[in-house]
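J.:
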Amino acid sequence: MSTIYILWLRQIKRYLRSRSRIIGSLGQPLLFLLALGYGFGPVFKNAGQGNYIQFLAPGIIAMSILFTSIFTGVEMIWDRQFGFLKETLVAPVSRFNIMMGRVLGGATVAAFQGLIVLIISILAGFRIHHWQSFPLAILFMLLIALLFTALGTAIASMLEDFQGFQLIMSFVVMPIYFLSGAIFPLANLPVVLNYITRVNPLSYGVDGLRIALIQQQHFNVGLDLFLLSALSILLVAFGSYLFSKIQV
Amino acid sequence: MNIIEASNLTKTFGDFTAVNNVSFSVGQGEIFAFLGPNGAGKSTTIKMLTTLLKPTKGEVLLNGKNSLTQQDEVRKTFGIVFQDPSLDEELTAYENMKFHAVLYKVSKKGLDEKIKSLLEFVDLWDRKDSLVKQFSGGMKRRLEIARGLLHHPRILFLDEPTLGLDPQTRNHLWSYIKNLNQTEQLTVFLTTHYMEEAEKIADRIAIIDHGKIIAQGTAEELKAQTQTASLEEAFLSLTGHAIREEGATGLDRMREMRQRRAGRR
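Protein sequences, first through last, are from chains A and B.
Here the first sequence is numbered in this note's numbering, starting from 3 and rising by one per residue.
Here the second sequence is numbered in this note's numbering, starting from 43 and rising by one per residue.
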């Protein structure tokens, strides 16, 4: 327990101390929110879909959580060679606890980042429909964060250096974001796209956030919660298996 | 009893044999230098001794405990200073020590005094609340040594601890280590490329090349065996003058990135 806690605490401390990184990582979601939100707003409205900022904000929150999660996961490659992680690998503690501490810490940071983006969205004109379901939104943010931090860690356990990182960005992270319903509605999509979005876990995270924040659903809240939790558990298990195999 | 007992250690990566049937032992309280040209198998051996890498064949006993079956007991018996720093740069010196104490379950009682005395020992007590990223290379090494000693290890592994340090800092570092060795009966296992350092500090020396130990003994014995005047000459006469080429690994590429990063700061 104390191992998990100390590794979690370490991630939090690091996050709070790197203010430039916090601000830097908010630039992208802000740009997406303003450019897409206000740019496509009129078209979206004319198509009879209502306010685009309302629709888009949950997607952008999910995006920032996705990117932060994957990034903390992949940061492990660095940490393994030039950081504290190497010190933990020779310590008399279980690999599972090391991995859990890291994943939970990374997930907390990512969810917190999502919360900041939510606040920014509200400043940009986004309105939460029912504050009663706000805790549900937090739960979804945490689940998305957990799932993708575990995924990032699993990926990082397999990579030797950063050479493969660009591939991961282009062929895993970006598709997960763009094909998730974060920026467009999932209804009436072409068949292929429909299938892809349905196997994309982020689709369920975005859907959950929309249900919690603006009462708009494509799947349903039970399915979203179930799939995200189940997949998180699976990925943590898979990630810790890969992590236990790491030899420095 | 020997505190480090390595028998028939072998490590292969694919069809490349990095360490080939190596056996040696280090006695309690000894300073043992493990020398060899680049790519000779030094780091691979250290990794096998410290549970980071599983041997393909052979066995390691540290303080009588098996490195594969009694991993946690083995891990408690040693402290290590890696060639690449393993401190958290975003944390303070004190926090790095504290985190280490939690990982090794060092009892909380008297912990603060212990950390204080170790940081004083390496002359870092007045910098305890500075972030490690503000430290110089030498300060980081000193902090790593202090940290490696926090859980009272019986053995200290030092993988090229003086690489990139100026002579003053190197001198200091070795005097700390010698001091510890004498006062605490600490066993030290080190690798270095500086032959004069090894000659000065080590009780016994093993030279490894192409994955095999080719000579073992005191500096005097090695010099006598090769009829040379210094350890450096003995080393060259044993391992040859040819420069070793190593293919760049992922780690080397990352080291380069790190240097570029540091340069920008």
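Even for Gly, the Cβ is constructed at its ideal location relative to N, Cα and C.
Strictly below 7 Å CB to CB, what residues from chain B border A93 (chain A)?
T.: For the purposes of this step, residue 93 (chain A) is taken as the residue at position 91 of the first sequence. The contacting residues are R117, L145, Y146.
J.: Do you know whose CA, among A:E77, A:L106, A:S66, lies nearest I178 (chain A)'s CA?
T.: Counting from one through the first sequence, the residue named residue 178 (chain A) turns up at place 176. For I178 (chain A), the nearest C-alpha among the options comes from A:S66.
J.: Does the Cβ of G121 (chain B) lie closer than 7 Å to at least one heavy atom of the ligand PLP?
T.: Absence of the ligand PLP from the depicted structure is noted, as is the absence of any ligand whatsoever, leaving it without description.
J.: Do V123 (chain B) and R183 (chain B) count as a contact pair if the criterion is CB distance below 8 Å?
T.: Counting from one through the second sequence, the residue named residue 183 (chain B) turns up at place 141. Counting from one through the second sequence, the residue named residue 123 (chain B) turns up at place 81. Yes, the pair counts as a contact, with Cβ atoms nearer than the cut-off.
J.: For a test of the three-state rule: what should DSSP assign to K88 (chain A), helix, strand or coil?
T.: The residue given as residue 88 (chain A) occupies position 86 in the first sequence. Of the three classes helix, strand and coil, the one that applies to K88 (chain A) here is helix, per DSSP.
J.: Hey, how far is the Cα of G180 (chain B) from the Cα of L166 (chain B)?
T.: Taking the first residue of the second sequence as position 1, residue 180 (chain B) is located at position 138. Taking the first residue of the second sequence as position 1, residue 166 (chain B) is located at position 124. Rounded to whole angstroms, G180 (chain B) to L166 (chain B) spans 11 Å at the Cα level.
J.: Below 8 Å on the Cβ atoms is my guess for G121 (chain B) versus Q227 (chain B); work out the distance and round it to an integer in Å.
T.: Counted from its first residue, the second sequence places residue 121 (chain B) at position 79. Counted from its first residue, the second sequence places residue 227 (chain B) at position 185. Wrong, their Cβ atoms sit about 14 Å apart, outside the cutoff.
J.: Spatial neighbours of L244 (chain A) within its chain, please: C-beta separation below 7 Å, excluding the five flanking residues on both sides.
T.: Taking the first sequence and counting its residues from 1, the one referred to as residue 244 (chain A) is at position 242. Answer for L244 (chain A): A156, S159, M160, listed in chain order.
J.: From the DSSP output, in three-state form, read off G121 (chain B) for me.
T.: Within the second sequence, the letter at position 79 stands for residue 121 (chain B). Three-state result, G121 (chain B): strand.
J.: Kindly provide the ranges of any alpha helix (DSSP H) runs that are 4 or more residues long and lie completely inside the stretch 101 to 165 of chain B, ordered along the chain.
T.: Correct list: 113 to 119, 135 to 145, 153 to 163.
J.: Report the neighbours of E132 (chain B) on chain A: residues whose CB is nearer than 8 Å to its CB, in chain order.
T.: Within the second sequence, residue 132 (chain B) is the residue found at index 90, counting from 1. K15, R16, R19, S20, listed in chain order.
J.: Short check: CB of E131 (chain B) to CB of K89 (chain B), under 8 Å?
T.: Numbered from 1 along the second sequence, position 89 holds the residue referred to as residue 131 (chain B). Numbered from 1 along the second sequence, position 47 holds the residue referred to as residue 89 (chain B). No, these two residues do not count as a Cβ contact at 8 Å.
J.: Residues bridged to V230 (chain B) by DSSP?
T.: Residue 230 (chain B) sits at position 188 when you count from the first residue of the second sequence. Answer is B:I73, B:L198, bridged to V230 (chain B).
J.: In the stretch 73 to 93 of chain A, which residues sit with their C-beta less than 9 Å from some C-beta in chain B, listed in chain order?
T.: The stretch 73 to 93 of chain A vs chain B, Cβ under 9 Å: I79, W80, D81, Q83, F84, G85, F86, L87, K88, E89, T90, L91, V92, A93.
J.: Pick out whichever of B:T225, B:L264, B:N221, B:E287 has its Cα sitting closest to the Cα of H252 (chain B).
T.: Within the second sequence, numbered from 1, the residue matching residue 252 (chain B) stands at position 210. It is B:E287.
J.: Note down, in chain order, every chain B residue with its Cβ under 8 Å from the Cβ of T5 (chain A).
T.: Within the first sequence, the letter at position 3 stands for residue 5 (chain A). Those are V144, L145, listed as they occur along chain B.
J.: V250 (chain A) versus chain B: which residues are under 8 Å apart at the beta carbon?
T.: One-based indexing of the first sequence puts residue 250 (chain A) at position 248. The contacting residues are K89, L94, L95.
J.: Please classify L273 (chain B): does DSSP put it in a helix, a strand, or coil?
T.: As a position in the second sequence, residue 273 (chain B) is number 231, starting the count at 1. In the structure shown, L273 (chain B) sits in a helix (DSSP, three-state: H, G or I).
J.: From the DSSP output, in three-state form, read off S172 (chain B) for me.
T.: Residue 172 (chain B) sits at position 130 when you count from the first residue of the second sequence. If DSSP states are grouped into helix, strand and coil, S172 (chain B) belongs with coil.
J.: Is E287 (chain B) helix, strand or coil when you go by DSSP?
T.: Counting from one through the second sequence, the residue named residue 287 (chain B) turns up at place 245. E287 (chain B): coil per DSSP, three-state reduction.
J.: Give me the chain A residues within the contact set of L129 (chain B), using Cβ-Cβ distance strictly less than 8 Å, ordered along the chain.
T.: As a first step, residue 129 (chain B) is located in the second sequence; it is residue number 87 there, counting from the start. Here the neighbours are G85, F86, E89.
J.: Whole angstroms are fine: how far does the CA of A284 (chain B) sit from the CA of L204 (chain A)?
T.: Here residue 204 (chain A) corresponds to residue number 202 of the first sequence, with the count starting at 1. Here residue 284 (chain B) corresponds to residue number 242 of the second sequence, with the count starting at 1. When rounded, the distance between both Cα atoms is 56 Å.
J.: Answer with buried or exposed for K84 (chain B), where buried requires no fewer than 16 other C-beta atoms within 10 angstroms of its C-beta.
T.: One-based indexing of the second sequence puts residue 84 (chain B) at position 42. Buried is the call here.
J.: Looking at the C-beta of I24 (chain A), does it have a partner C-beta in chain B at a distance below 8 Å?
T.: Indexing the first sequence from 1 puts residue 24 (chain A) at position 22. With 8 Å as the cut-off, I24 (chain A) does not count as an interface residue toward chain B.
J.: Measuring straight from C-alpha to C-alpha, what distance separates L251 (chain A) and I6 (chain A)?
T.: Past the edges of chain A, shown from 3 to 250, lies residue 251 (chain A), and the structure says nothing about it.
J.: Taking Cβ-Cβ distances shorter than 8 Å, what residues in chain B pair up with R12 (chain A)?
T.: Indexing the first sequence from 1 puts residue 12 (chain A) at position 10. Under the 8 Å cutoff, chain B gives D130, L133, F141.
J.: Which residue wins for smallest C-alpha separation from G81 (chain B), given the options B:K265, B:Q258, B:I250, B:L207?
T.: Locating residue 81 (chain B) in the second sequence gives position 39, where the first residue counts as 1. Nearest of B:K265, B:Q258, B:I250, B:L207 to G81 (chain B), Cα basis: B:I250.
J.: So what does DSSP say about T59 (chain B), is it helix, strand or coil?
T.: Numbered from its first residue, the second sequence carries residue 59 (chain B) at position 17. Strand, per DSSP.
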